[in-house]
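Asker:
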Amino acid sequence: MSADYWRSTQRERWKFTAEQLSKLHQEVSHNDLKSGIDDPCQAWDDHIRIYIYNLVQTLGQRLGCRRRVLSTAHVYLMRIFTKISIHEMNIFLLVTTAVYVAGKTEEQPQHIRTISNEARVLWTDYMPSEATLIAECEFYMIEELHGCLIVHHPYRSLSFLCESMADTHPWLVLSNEEFQGIWAVINDSYASDIPLMYAPHIIATSALYMTLVLRPQLIRPPRPPDKIKARIDVLASYLGKSAIDLEKIAECVQELVSLYARWETYDQRQTHLRVLKTLSLEKP
Amino acid sequence: MKDPSSLTQPMARYKARKQQERRDPLENYEILGYIAAGTYGRVFKAKSKPTGRLCAIKKFKLDKEGAASYYTGISQSAVREISLCRELRHENVVALIQVILEDKSTYMVFDYAEHDLLQILHHHCHPDTPPLAHFTAKSIVYQILNGLDYLHRNWVLHRDLKPANIMITANGVVKIGDLGLARLFSDPLQSLFSGDKVVVTIWYRAPELLLGGRHYTPAIDLWAVGCIFAEILALRPIFKGEEAKMDSKKVIPFQKDQVQKVVEVLGTPTPAQWPNITVYPDYPNLQVMNVHSNRLEKWYRAIGQTSIAGLNLLRALFDYNPITRVSAAEAMTHPFFSEEPRALSRVFGEGKSPYPARRITSDTNVKANGAPKRPHQSTTVSSRKKSKV
Ligand SMILES: Nc1ncnc2c1ncn2[C@@H]1O[C@H](COP(=O)(O)OP(=O)(O)O)[C@@H](O)[C@H]1O
Numbered sequence: 001m002s003a004d005y006w007r008s009t010q011r012e013r014w015k016f017t018a019e020q021l022s023k024l025h026q027e028v029s030h031n032d033l034k035s036g037i038d039d040p041c042q043a044w045d046d047h048i049r050i051y052i053y054n055l056v057q058t059l060g061q062r063l064g065c066r067r068r069v070l071s072t073a074h075v076y077l078m079r080i081f082t083k084i085s086i087h088e089m090n091i092f093l094l095v096t097t098a099v100y101v102a103g104k105t106e107e108q109p110q111h112i113r114t115i116s117n118e119a120r121v122l123w124t125d126y127m128p129s130e131a132t133l134i135a136e137c138e139f140y141m142i143e144e145l146h147g148c149l150i151v152h153h154p155y156r157s158l159s160f161l162c163e164s165m166a167d168t169h170p171w172l173v174l175s176n177e178e179f180q181g182i183w184a185v186i187n188d189s190y191a192s193d194i195p196l197m198y199a200p201h202i203i204a205t206s207a208l209y210m211t212l213v214l215r216p217q218l219i220r221p222p223r224p225p226d227k228i229k230a231r232i233d234v235l236a237s238y239l240g241k242s243a244i245d246l247e248k249i250a251e252c253v254q255e256l257v258s259l260y261a262r263w264e265t266y267d268q269r270q271t272h273l274r275v276l277k278t279l280s281l282e283k284p
Numbered sequence: 001m002k003d004p005s006s007l008t009q010p011m012a013r014y015k016a017r018k019q020q021e022r023r024d025p026l027e028n029y030e031i032l033g034y035i036a037a038g039t040y041g042r043v044f045k046a047k048s049k050p051t052g053r054l055c056a057i058k059k060f061k062l063d064k065e066g067a068a069s070y071y072t073g074i075s076q077s078a079v080r081e082i083s084l085c086r087e088l089r090h091e092n093v094v095a096l097i098q099v100i101l102e103d104k105s106t107y108m109v110f111d112y113a114e115h116d117l118l119q120i121l122h123h124h125c126h127p128d129t130p131p132l133a134h135f136t137a138k139s140i141v142y143q144i145l146n147g148l149d150y151l152h153r154n155w156v157l158h159r160d161l162k163p164a165n166i167m168i169t170a171n172g173v174v175k176i177g178d179l180g181l182a183r184l185f186s187d188p189l190q191s192l193f194s195g196d197k198v199v200v201t202i203w204y205r206a207p208e209l210l211l212g213g214r215h216y217t218p219a220i221d222l223w224a225v226g227c228i229f230a231e232i233l234a235l236r237p238i239f240k241g242e243e244a245k246m247d248s249k250k251v252i253p254f255q256k257d258q259v260q261k262v263v264e265v266l267g268t269p270t271p272a273q274w275p276n277i278t279v280y281p282d283y284p285n286l287q288v289m290n291v292h293s294n295r296l297e298k299w300y301r302a303i304g305q306t307s308i309a310g311l312n313l314l315r316a317l318f319d320y321n322p323i324t325r326v327s328a329a330e331a332m333t334h335p336f337f338s339e340e341p342r343a344l345s346r347v348f349g350e351g352k353s354p355y356p357a358r359r360i361t362s363d364t365n366v367k368a369n370g371a372p373k374r375p376h377q378s379t380t381v382s383s384r385k386k387s388k389v
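In order, the protein sequences belong to chains Z and V. The opening position of the first sequence corresponds to residue 1 in the UniProt record's numbering, with each subsequent residue numbered one higher. The opening position of the second sequence corresponds to residue 1 in the UniProt record's numbering, with each subsequent residue numbered one higher.
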């Protein structure tokens with residue numbers, strides 16, 4: 001929404017440090033143990049997290065959702081999993097509901113039947129067939145989120161950053177490929193807790209740094225190597241002069257790096273089997 | 001491999017845990033009475049048991065009235081109002097205290113406002129009440145602009161400003177309410193063209209919408225402020241048109257009578273005044289209507305107003321061209337507000353509110369899902385229907 005991230009519920013109620021997050025996650029696991037579930041599989045487990053990310057992406061693509069809708073749905077899920085365990089609800093239902101609610105928040109609503117049907121096509125064996133269950137789940141979701149549905153994403157910060165850089169130095173004009181590359185890193189960040197831990201402009205800047213400095217080989221270099229070095233210096237001086245918290249950028253870049261490392265070792269099939277176990281555990 | 005219970009009772013564990021933890025959040029409130037039925041739900045007056053704070057609890061209508069036996073999705077309007085109100089905090093915007101989802105129903109708990117502008121205007125229509133104080137009128141308009149400026153700075157369009165949605169607390173602070181139609185306009189991706197049909201109660205609807213425009217801009221809210229300002233001065237709506245109903249083919253009708261009412265006072269708009277007018281779909285419909293000249297000043301004098309600054313502010317709000325129409329921030333710096341009497345932070349001044357308290361009825365059954373009762377207000381109120389989304 002609201003132009004003002006600084007006074008948003010996202011900053012005031014839904015931003016956590018790594019310690020806070022791990023404490024919340026511990027509590028959730030503790031609840032599981034209390035109700036007799038002794039399975040360490042949780043939504044914040046590195047691979048389960050990527051698995052959930054993929055579920056949202058797959059459903060979103062099927063429904064033709066805009067990127068923002070999916071990003072918002074990802075954030076809802078991350079927030080929910082600071083409070084509930086993956087053993088407590090059918091994850092396929094939860095993912096479907098998150099996309100359903102995010103569509104409404106982002107003013108791209110889809111009919112509950114459409115969403116339900118598409119999810120059933122994708123996940124025939126795992127997705128409940130009653131659309132009213134999505135409506136019921138929506139209720140719990142909005143309640144767990146305390147009605148905080150508006151999410152600020154890094155995309156706008158990225159556009160702003162691009163303009164500002166282009167105004168500052170001709171070498172800082174981004175090529176289309178670079179822009180796409182940064183955009184993709186931002187999208188990838190939703191497969192981690194990064195959006196719960198950092199402000200949108202920090203994520204945008206980190207994605208930019210990641211793309212231009214750490215992974216320039218991924219993008220065909222538009223300039224000879226010595227120029228690349230010189231350009232990085234200009235970028236460093238630009239960021240240094242900006243009021244952006246460089247400590248936070250460094251941390252966030254580190255998070256991105258480890259996310260990509262996790263992705264390297266990600267095994268979809270095996271993770272799928274672990275997730276199915278959470279479904280069959282589900283008996284009151 | 002798969003367990004059927006995860007399909008038929010996919011939230012069983014969650015619900016079991018919640019049931020243990022849960023207390024009915026509505027138990028924190030003592031329901032004092034029933035206030036009114038809005039378009040989207042019923043509103044109750046309540047008192048928070050822990051704090052003693054007075055609240056208005058808005059219960060959203062279920063899609064199907066009657067016993068809620070199953071969950072229906074939460075309406076787009078409720079999602080908008082909940083999500084926006086959660087983020088907004090301003091002296092002149094009604095404050096959301098809590099959202100409660102209980103028993104298949106959605107409730108929003110707001111700070112209570114003793115009055116609303118519609119009720120105040122009605123009060124002055126009785127022949128033996130003294131006129132609305134000048135400073136009160138000016139302070140109300142100023143505070144509406146102040147709240148609206150905040151909304152617009154936060155990229156929120158209200159889209160349904162009208163006297164019934166302007167709340168005023170017992171100590172005289174304006175609170176803009178009912179954000180059920182509000183939309184964000186910060187992101188061009190969230191197209192403001194599509195989705196819902198034209199909203200805004202017809203009397204307060206801006207000319208660009210009346211001429212078939214679908215593009216929402218902050219200027220639409222400022223036109224509505226103009227109408228409200230005029231209504232505060234005249235104690236009756238300035239453009240009281242008859243709404244043309246949608247025909248059976250679901251074609252959005254041209255609101256001829258409403259346009260007529262506007263041009264009778266403001267004159268027929270010309271491309272010289274409003275260069276883009278020719279691109280609006282209903283411009284041809286306007287062209288075949290009788291031509292009128294602007295008689296706003298006559299109207300203003302006839303209701304006994306003398307302040308030239310006030311007339312100028314009205315003109316600025318009634319600028320036909322949405323691009324040049326005054327913004328909320330600009331309107332707040334208008335000379336009208338630096339002229340005596342000054343706008344006050346308490347619209348009733350130092351004293352107590354001179355208006356009767358909001359009437360409530362004794363229905364306190366907030367949980368019942370029956371058809372809403374008609375509010376106990378004068379018949380003119382119920383004739384002010386709002387067009388649905
Ligand atoms: N905060 C409040 N305090 C007191 N009364 C209120 C408050 N909010 C709403 N009301 C009353 O309830 C009526 C309907 O509320 P509103 O928000 O306009 O509902 P709807 O969007 O369904 O039309 C209002 O006209 C007003 O009389």
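Idealized CB from N, CA, C, for every residue including glycine.
Run the CB neighbour count on residue 271 (chain V), radius 10 Å, all protein chains shown included, and call it buried at 16 or more, exposed below.
Answerer: Exposed, by the Cβ-count rule.
Asker: Going by Cα to Cα distance, which pick from Z:196, Z:66, Z:265 is closest to residue 81 (chain Z)?
Answerer: Nearest option by C-alpha distance: Z:196.
Asker: Using a C-beta cutoff of 8 Å, does residue 19 (chain V) count as contacting chain Z?
Answerer: Not one chain Z Cβ lies under 8 Å of residue 19 (chain V).
Asker: Output needed for residue 225 (chain V): all residues of its chain with C-beta closer than 8 Å, excluding positions within five of it in sequence on either side, in chain order.
Answerer: Taken in chain order, the residues that qualify are 141, 144, 145, 148, 161, 317, 328, 331.
Asker: Helix, strand or coil for residue 140 (chain V), going by three-state DSSP, please let me know.
Answerer: Helix, per DSSP.
Asker: Rounded to a whole number of angstroms, what is the C-alpha to C-alpha distance between residue 363 (chain V) and residue 59 (chain V)?
Answerer: Going by the C-alpha atoms only, they are around 14 Å apart.
Asker: Which word fits residue 102 (chain Z), buried or exposed, when buried means at least 16 other C-beta atoms lie within 10 angstroms of its C-beta?
Answerer: Label assigned to residue 102 (chain Z): buried.
Asker: Compare the C-alpha of residue 171 (chain V) against each of V:48, V:151, V:153, V:136 and name the closest.
Answerer: The residue with the shortest Cα to Cα distance from residue 171 (chain V) is V:136.
Asker: Since residue 142 (chain Z) and residue 101 (chain V) are thought to touch, with beta carbons under 8 Å apart, how far apart are those beta carbons, to the nearest angstrom?
Answerer: Correct: roughly 6 Å between the Cβ atoms.
Asker: Under 7 Å from any heavy atom of ligand 1, does the C-beta of residue 59 (chain V) make it?
Answerer: No, ligand 1 has no heavy atom inside 7 Å of this Cβ.
Asker: Sort out for me which residues DSSP pairs residue 43 (chain V) with in a bridge.
Answerer: Answer by DSSP bridge pairing, in chain order: V:36, V:58.
Asker: Give, in chain order, every residue of the region 115-143 of chain Z whose Cβ lies closer than 9 Å to some Cβ of chain V.
Answerer: For the region 115-143 of chain Z, which is checked against every Cβ of chain V, the residues closer than 9 Å are 125, 126, 127, 128, 129, 130, 131, 132, 133, 134, 135, 136, 137, 138, 139, 140, 142, 143.
Asker: How about residue 149 (chain Z) and residue 83 (chain V): do their beta carbons lie closer than 8 Å?
Answerer: Yes, the Cβ-Cβ distance between residue 149 (chain Z) and residue 83 (chain V) is below 8 Å.
Asker: Contact between the region 68-86 of chain Z and the region 40-56 of chain Z: three or more CB pairs below 8 Å?
Answerer: Segments in contact, yes.
Asker: Contact defined as beta carbons within less than 8 Å: I believe residue 11 (chain V) pairs with residue 89 (chain Z). What is the distance between those atoms, to the nearest angstrom?
Answerer: So it is a contact: roughly 5 Å between Cβ atoms.
Asker: Between the Cα of residue 393 (chain V) and the Cα atoms of V:130, V:177, V:36, which residue gives the shortest distance?
Answerer: What the structure shows of chain V is the stretch from 1 to 389, and residue 393 (chain V) is not part of that stretch, so it cannot be assessed.
Asker: Name the one or two DSSP bridge partners that residue 108 (chain V) has.
Answerer: Beta-bridge pairing links residue 108 (chain V) to V:58, V:99.
Asker: Quick one: does the C-beta of residue 35 (chain V) sit closer than 7 Å to a heavy atom of ligand 1?
Answerer: Because some heavy atom of ligand 1 lies under 7 Å away, the Cβ of residue 35 (chain V) counts as near it: yes.
Asker: Is the CB of residue 104 (chain Z) under 8 Å away from at least one CB in chain V?
Answerer: Closer than 8 Å to some Cβ of chain V, the Cβ of residue 104 (chain Z) qualifies, so yes.
Asker: Cβ closer than 8 Å: which chain A residues qualify as neighbours of residue 90 (chain Z)?
Answerer: The structure shown contains no chain A; its protein chains are Z and V.
Asker: If the cut is a Cβ gap below 7 Å, which residues of chain V does residue 168 (chain Z) touch?
Answerer: Neighbours of residue 168 (chain Z) on chain V: none; closest Cβ ~25 Å, over 7 Å.
Asker: Any beta carbon from chain V within less than 8 Å of residue 196 (chain Z)'s own beta carbon?
Answerer: So, not an interface residue.
Asker: Please tell me whether residue 314 (chain V) and residue 254 (chain V) are closer than 8 Å, where the distance is taken between their beta carbons.
Answerer: The answer is no: Cβ separation not under 8 Å.
Asker: What would DSSP say about residue 143 (chain Z), mapped onto helix, strand or coil?
Answerer: Residue 143 (chain Z) falls in the helix class under three-state DSSP.
Asker: Who are the near neighbours of residue 378 (chain V) in its chain, counting only those whose CB is closer than 7 Å to its CB and skipping five residues on each side?
Answerer: In this prediction, residue 378 (chain V) scores a pLDDT of 38, lower than 50, which makes its location untrustworthy; the coordinate-derived value is nonetheless stated afterwards. Cβ within range, chain order: 122.
Asker: Return the CA-CA distance between residue 5 (chain V) and residue 257 (chain Z), expressed in angstroms with no decimal places.
Answerer: Using only the alpha carbons, I get a separation of about 39 Å.
Asker: Per the DSSP calculation, residue 93 (chain V) is bridged to which residue(s)?
Answerer: DSSP lists V:176 as partners of residue 93 (chain V).
Asker: Quick one: give me the first and last residue of the alpha helix (DSSP H) that residue 78 (chain Z) is part of.
Answerer: Looking at the DSSP string, the run of the alpha helix (DSSP H) that includes residue 78 (chain Z) is 67-80.
Asker: Under the three-state reduction of DSSP, which class applies to residue 32 (chain Z): helix, strand or coil?
Answerer: Residue 32 (chain Z) falls in the helix class under three-state DSSP.
Asker: Write down the C-beta distance between residue 335 (chain V) and residue 309 (chain V) rounded to the nearest angstrom, noting that I regard them as a contact closer than 8 Å.
Answerer: The pair is a contact, with the Cβ atoms about 5 Å apart (cut-off 8 Å).
Asker: Fully enclosed by the region 175-222 of chain Z, which alpha helix (DSSP H) runs are 4 residues long or longer?
Answerer: Runs of the alpha helix (DSSP H) inside the region 175-222 of chain Z: 176-189, 194-197, 200-209.
Asker: In this structure, does DSSP put residue 134 (chain V) in helix, strand or coil?
Answerer: Note: residue 134 (chain V) maps to helix in three-state DSSP.
Asker: Judging by CA-CA distance, which residue of Z:177, Z:267, Z:63 is the nearest neighbour of residue 109 (chain Z)?
Answerer: Out of Z:177, Z:267, Z:63, Z:63 has the C-alpha closest to the C-alpha of residue 109 (chain Z).
Asker: Can you list the residues of chain V that residue 187 (chain Z) reaches, using a CB-CB cut of under 7 Å?
Answerer: Simply none; closest approach about 15 Å.
Asker: By DSSP, does residue 137 (chain Z) sit in helix, in strand, or in coil?
Answerer: Correct three-state label for residue 137 (chain Z): helix.
Asker: Are the C-beta of residue 177 (chain V) and some C-beta of chain Z separated by less than 8 Å?
Answerer: Not one chain Z Cβ lies under 8 Å of residue 177 (chain V).
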